[in-house]
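Working notes, structure below.
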Amino acid sequence: MRAALELFSEKGFHGTGVAEIGDRADVQRGALYYHIGSKEELLWQILGDYTRLMLAEAEQIAGGSDYPVTKLRKLIHSHVRLIIENRAAVAIQLRDGAALSGERAGELQQLRDRIQALWQQVIDAGKSSGVLRTGDHVVTNSVLGMLNSVTFWYRADGRHTPDEIADILCTTVLDGLIQPRKSTKG
């Protein structure tokens, strides 16, 4: 699977042939087909594994007893960390996720929808408690889009660590969402 991950990341799903995957993995094409079934099945394994990992962390955070803003901070930190740790899989998902068809495409979309619903649940809880100014799904979509883009510009040798990036993004998101306190001055 590592060979497929590397090649899909480098050349894209459609630009990668099964023979190339076999060559990179040092496995003959027949053996590769026997073990994986198809190139699309490899894509599903890569994307499914990453997305289930993202879902498990989001479920743990959203299901916790923290306040909504704390949960949102934890979700952002977790998302950034997982994106950086799985940059190749994230790039493949963003670029080639639509290459999945039929049942596999539906399964991946269900996983992604569950992740988004957990984020929305946390944001809605913040709005309901009066801490966040909006719970609109546009915010959820925008935040996830911003976080997912980290995969394209993050550099391990860059100025900021993953935690620093997550902190900066937390500040950016929360400064726009947190309801300002009303002045009691008269």
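Using the UniProt record's numbering, read the sequence shown as starting at 1 and increasing by one per residue.
A virtual CB, placed ideally from N, CA and C, is assigned to each residue, including glycine.
On a predicted model such as this, the values are computed, not experimentally measured, just so you know.
Less than 6 angstroms between C-beta atoms, sequence neighbours within five positions excluded: which residues of the same chain meet that for K39? V18
With DSSP collapsed to three states, give me the class of L100. Here L100 sits in coil by DSSP.
Identity of the residues DSSP links to L132 by a beta bridge: I178
In angstroms, rounded to a whole number, what distance separates the CA positions of H77 and C170? 8 angstroms
So, at 6 angstroms on beta carbons, what are the nonlocal neighbours of L174 in its own chain, with the 5 sequence-adjacent residues on each side left out? none
Are the beta-carbon atoms belonging to G126 and V69 less than 9 angstroms from one another? yes
Nearest by alpha-carbon distance to I46: which of L100, L177, R181 is it? L100
Where the alpha helix (DSSP H) containing M146 begins and where it ends: 137-148
Simplified DSSP state of T16, which is helix, strand or coil: Residue state, collapsed to three classes: coil.
Suppose contacts are defined by Cβ-Cβ distances below 9 angstroms. Is G22 in contact with D96 by that definition? no
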